[in-house]
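Residue numbers (our numbering), protein chains in the order written: chain A, 391 to 424; chain B, 26 to 132. Don't be surprised by glycine CBs; every beta carbon is placed ideally from N, CA and C. Each remark here refers to the structure printed beneath this line.
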Amino acid sequence: PEEVIVTDITINSLTVTFREALVARGFFRSWEME
Amino acid sequence: SEIELIFCPHPLLVGQQQYSQTRYVKTTAKATVDHLSKYLALRVALEEGSSGAPEGTLRHVSEKQFTIYISTAAGQFTTLNGSLTLELVNQKFWKLCKPLELFYAPT
């Protein structure tokens, strides 16, 4: 994907990183979207 | 390890006039349902902020704004407890070798 949004979210001192793409093709490795 | 998920509006609980974008997300499997809910609330606030929502909306983002569901057999939806990790959700409810499909609706 041309653009991936990266966001950190913290709850109870645990910070996790979310990465998001506008489309799934080329972003998901476990299942190729048709 | 990382988990991939497709995040969709609940087909019954999200109206046509409400926020209903499908999102393609990756995160650590240690993230909880609450993390995902708060992430969605933040993204919605940012997107609605670009179209004129009141300033300061981001300060009030909470994991309580949205409830997260997973589809079970026979078209039923189960509410996911906020403290569950996505890894546990995947192991207990999904068990498929494809991106985890979750649904959201305003609480």
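Which residues DSSP lists as bridging residue i, in chain order
i        : result
B/Lys51  : A/Arg409 and B/Glu29
B/Phe91  : B/Pro131
B/Glu126 : B/Ile31
B/Ser96  : B/Phe102
A/Leu404 : A/Ile401
Where residue i sits in the DSSP three-state scheme
i        : result
A/Phe418 : coil
B/Ser62  : helix
B/Leu71  : helix
A/Val394 : strand
B/Leu113 : helix
B/Gln41  : coil
B/Pro36  : coil
Buried/exposed call for residue i, threshold 16 Cβ in 10 Å
i        : result
B/Glu6   : This structure gives no information on residue 6 of chain B, because the portion of chain B shown stretches from 26 to 132.
B/Pro34  : buried
A/Arg415 : exposed
A/Leu412 : exposed
B/Ala98  : exposed
A/Val394 : exposed
B/Pro124 : buried
Task: At least three beta-carbon pairs within less than 8 Å, the region 105-112 of chain B to the region 53-62 of chain B - done: yes
- [ ] Select from the region 51-64 of chain B all residues with a C-beta closer than 9 Å to any C-beta belonging to chain A, and list them in chain order.
- [x] Lys51, Thr52, Thr53, Lys55, Ala56, Thr57, Asp59, His60, Leu61, Lys63 and Tyr64
- [ ] Pair every Cβ in the region 398-410 of chain A with every Cβ in the region 89-102 of chain B, then say whether three or more of these pairs are closer than 8 Å.
- [x] no
TODO: Mind checking the region 34-47 of chain B against chain A and listing, in chain order, the residues whose C-beta falls within less than 7 Å of any C-beta there?
DONE: none
TODO: For the region 401-414 of chain A, enumerate the residues whose C-beta is nearer than 8 Å to any C-beta of chain B, in chain order.
DONE: Ile401, Leu404, Val406, Thr407, Phe408, Arg409, Glu410, Ala411, Leu412, Val413 and Ala414
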